[in-house]
Amino acid sequence: MSSSAVTARRLAAASLAAAAVVGAVALPASAADHARPDRPKVEISQVQYDAPGRDTRTNRSLNKEWVELTNTTRRAVNLDGWTLSDADGHTYTFDHYRLAGRATVRIHTGEGRDTRTDLYQDRSRHIWDNRSDAATLRNHHDRIIDKESWGTRHHGGHH
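Residue numbers -31 to -1, 1 to 128, in mature numbering (1 follows the signal peptide of the UniProt record, and there is no 0), belong to the letters of the sequence shown in order.
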């Protein structure tokens, strides 16, 4: 075999090896460049934890305490089985509710008639602590989707 044939084979082998290394290194970067499908993004957009006026424990007062969730995507998100809870573990579970794309729903503490824009926990006591607390939204797999907290430290007390 001539020396030029050996050199050509070595050059071809070296080129293939270099291409394999470049391909292996470039693969994760190119995979990261591909846009993921638009994942549902629901967030706690606002919390009214201190009902305006005196806390009279009337249904009207209870319903002035609420948490708003906003779907920031264009697609509706099925919230069936999702939960909204406070730091003490008071939990509201969404039942057969779809949040439309770019829509907001307000979850009130007291009793009321559920609509597309307002849901009611049907509680007889305030649950969001005025001094400090945290609202945690979890999906049906119990993964935290969003959390909003206020105050310095939760002491476990209620209104």
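Built from N, CA and C at the ideal position, the CB exists for glycine as well.
Remember, it's a predicted structure, so these values are computed and weren't measured experimentally.
Cβ-Cβ distance between residue i and residue j below 7 Å
i             : j             : result
threonine 39  : threonine 73  : yes
threonine 42  : glycine 22    : no
aspartate 115 : isoleucine 13 : yes
glutamate 34  : alanine 20    : yes
aspartate 87  : arginine 75   : yes
threonine 60  : leucine 31    : no
valine 16     : glutamate 117 : yes
Beta-carbon contacts of residue i that lie in its chain and below 6 Å, excluding the five residues immediately before and after
i             : result
threonine 62  : Thr52
histidine 65  : Asp49
threonine 121 : Ser101
One or two residues paired with residue i in a DSSP bridge
i             : result
tyrosine 89   : His77
aspartate 102 : Trp119
threonine 84  : Beta-bridge pairing links threonine 84 to no other residue.
tyrosine 61   : Leu53
arginine 107  : Thr52 and Ile113
arginine 67   : Asn47
isoleucine 96 : Isoleucine 96 pairs with nothing; no bridge assigned.
Own chain, CB closer than 7 Å to residue i, minus 5 neighbours either side, in chain order
i           : result
residue 179 : Any answer about residue 179 is impossible in this case: the structure gives the chain only from -31 up to 128.
alanine 45  : Arg67, Leu68, Ala69 and Gly70
Residue i, enclosing beta strand (DSSP E) - first and last residue
i          : result
serine 118 : 113 to 119
Chain-order list of residues whose beta-carbon lies under 8 Å from that of residue i (same chain, five-residue window excluded)
i             : result
alanine 1     : Only weak support exists for where alanine 1 lies, its pLDDT of 47 falling under 50; the value from the coordinates is given anyway. Excluding sequence neighbours, alanine 1 sits near nothing in its chain.
histidine 109 : Asp49, Gly50 and Trp51
serine 54     : Thr60, Tyr61, Ala104, Thr105 and Arg107
Contact test: residue i Cβ vs the ligand MN heavy atom, cutoff 6 Å
i            : result
threonine 25 : Questions concerning the ligand MN fall outside what the structure shown contains, since it holds no ligand whatsoever.
What runs of the alpha helix (DSSP H), each 4 residues or longer, lie entirely inside the segment 15 to 59? 28 to 31
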